[in-house]
Amino acid sequence: MDKHEFYEKVYKIVATIPEGKVMTYGLIGFILGSRYYARRVGKALSNAHGRGLPCHRVVNSKGELAPAHVFGGKGKQYRLLKEEGVFFKPNGCVDLKRSLWRPWEI
DNA sequence: GCGCTGACAAAAA
DNA sequence: TTTTTTGCCAGCG
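For the first sequence, the residue numbers in this note's numbering are 324 to 429.
Here it is as structure tokens:
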């Protein structure tokens with residue numbers, strides 16, 4: 324799989340995440356072939372500025388949000404997700420049990 | 001070409 | 001439970 328192709332697939336998947344749902348880096352990587360692609364997914368998103376992708380709907384495996392500097396604001400990602408109806412745990416992490424999007428389980 | 005870093009994650013301790 | 005180890009690989013200096 325070419326890296327460009329890989330990136331495009333990442334963008335495509337991210338673009339399909341509905342409001343109020345999130346996906347994890349590892350999950351996206353797994354769909355594309357291996358859980359070890361998780362880091363490349365992160366790179367793809369960091370390179371995806373200006374594409375209009377809902378990259379705030381992608382979180383790590385624990386439900387933690389991306390570091391603040393990525394979106395250029397402390398509670399930026401948190402507020403966006405909250406507005407969309409994503410469930411949060413008291414500790415500020417996404418409640419993956421409720422808000423993780425599993426396309427194959429619909 | 002080499003070594004380090006990172007929007008990661010599972011397993012081990 | 002949290003921390004460490006290990007695996008993977010694209011970018012960058």
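For each residue, glycine too, the CB sits at the ideal point set by N, CA and C.
* Nearest to Lys-366 by alpha carbon, out of Leu-388, Val-409, Lys-326, Leu-403? -> Lys-326
* **Cα-Cα separation, Lys-438 to Cys-416** => Residue 438 is absent from the model: the chain starts at 324 and stops at 429.
* Runs of alpha helix (DSSP H) lying entirely within the segment 371 to 409, each at least 4 residues, in chain order -> 391 to 394, 399 to 407
* Keeping to the same chain, check which residues put their C-beta closer than 6 Å to that of Gly-386; ignore five residues upstream and five downstream. => Cys-416, Val-417, Leu-419
* **In DSSP terms, what Thr-347 is bridged to** => Val-382
* **Cβ pair Val-393, Tyr-348 closer than 8 Å** => no
* Host alpha helix (DSSP H) of Lys-366 (start-end) -> 361 to 369
* **Opening and closing residue of the alpha helix (DSSP H) in which Leu-419 lies** => 419 to 422
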